[in-house]
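S.K.: Here it is: the structure, laid out below.
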Amino acid sequence: MKNHFEENEYHRDRLDRHREDINSANSAIKRMERRMNRLEAKVQTQEETIEALEGVIENQQVVMARFRSCECAKGRTFG
585 MKNHFEENEY HRDRLDRHRE DINSANSAIK RMERRMNRLE AKVQTQEETI EALEGVIENQ
645 QVVMARFRSC ECAKGRTFG
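Position 64 (the sequence shown) corresponds to 648 in this note's numbering; numbering is contiguous.
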């Protein structure tokens, strides 16, 4: 009888360790998912910033082209 009890205890302990390992792995997966979501949000923000900056550059180029073609800019040099 004692042998069966010890064997059952052994298997329960192993199951408990497996459950702990699974729970730990699931926690790690959730942490990585949260980190990935934060990184994806940063990438999205950076892409939006790049698009906005490209718009600013285009606007500056238009303004400079208009200024260069203006009479008051004749004879001046621009870097």
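Even for Gly, the Cβ is constructed at its ideal location relative to N, Cα and C. Here the structure is a predicted model, which is why all the values come from computation and not from measurement.
In whole angstroms, give me the CA-to-CA distance for I613 and R622.
M.R.: I613 and R622: Cα-Cα distance of roughly 14 Å.
S.K.: When the Cα atoms are used, what is the spatial distance from Q645 to G639?
M.R.: So the two alpha carbons sit approximately 10 Å from each other.
S.K.: Measure the alpha-carbon distance for A609 versus R598 and round it to whole angstroms.
M.R.: The straight-line gap from Cα to Cα measures roughly 16 Å.
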